[in-house]
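**Student:**
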């Protein structure tokens, strides 16, 4: 829709994934990025990075040296660790190889909050195990079924 307003509940803690990785700063390590969230310590930050395949000494690597796929993983790790209960994800599988897309889909499927996702990747959507789908631009909400995966690819 081109008009209208969105009102979030006062308890909503919104996290947004942008395709351009705007929150990732060169000259800072992955762990430095994760430390932006005061609620977690280094051990938990490394565990979350590990969920996204960013393990070992990679945690100390300068973000400037990351590939596009690694930046995507870091941005998603930051969101998951950020204490959000609502995630807006705009094409989160861009720059990811098939194995990483599946692994990240499975990691996000275990996340307890609400997710609003824009994706053209049917396997990623399947891995998330959604229960509802919002059709755009109509704005209609329906229960998700595997038959809808064909629409994901075409859209």
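Numbering (my numbering), first residue to last: 9 to 163.
Beta carbons: idealized from backbone N, C-alpha and C, even for Gly.
Just how far apart, CA to CA, sit residue 18 and residue 93?
**Tutor:** So the alpha carbons of these two residues sit roughly 12 Å apart.
**Student:** Here's a check: name, in chain order, each residue in its chain whose Cβ is nearer than 7 Å to the Cβ of residue 60, leaving out the five neighbours to either side.
**Tutor:** Only 81, 84, 85, 112 and 115 meet the Cβ criterion.
**Student:** Which two residues bound the contiguous beta strand (DSSP E) that contains residue 23?
**Tutor:** Element bounds for residue 23: 22-25.
**Student:** For the segment 46-56 against the segment 20-35, do three or more pairs of beta-carbon atoms, one drawn from each stretch, fall closer than 8 Å, so that the two count as touching?
**Tutor:** The segment 46-56 is not in contact with the segment 20-35.
**Student:** For the alpha helix (DSSP H) that residue 88 lies in, which residues bound it at each end?
**Tutor:** It spans 76-89 - the alpha helix (DSSP H) in which residue 88 sits, taken as one unbroken run.
**Student:** Three-state secondary structure (DSSP) at residue 59?
**Tutor:** Residue state, collapsed to three classes: helix.
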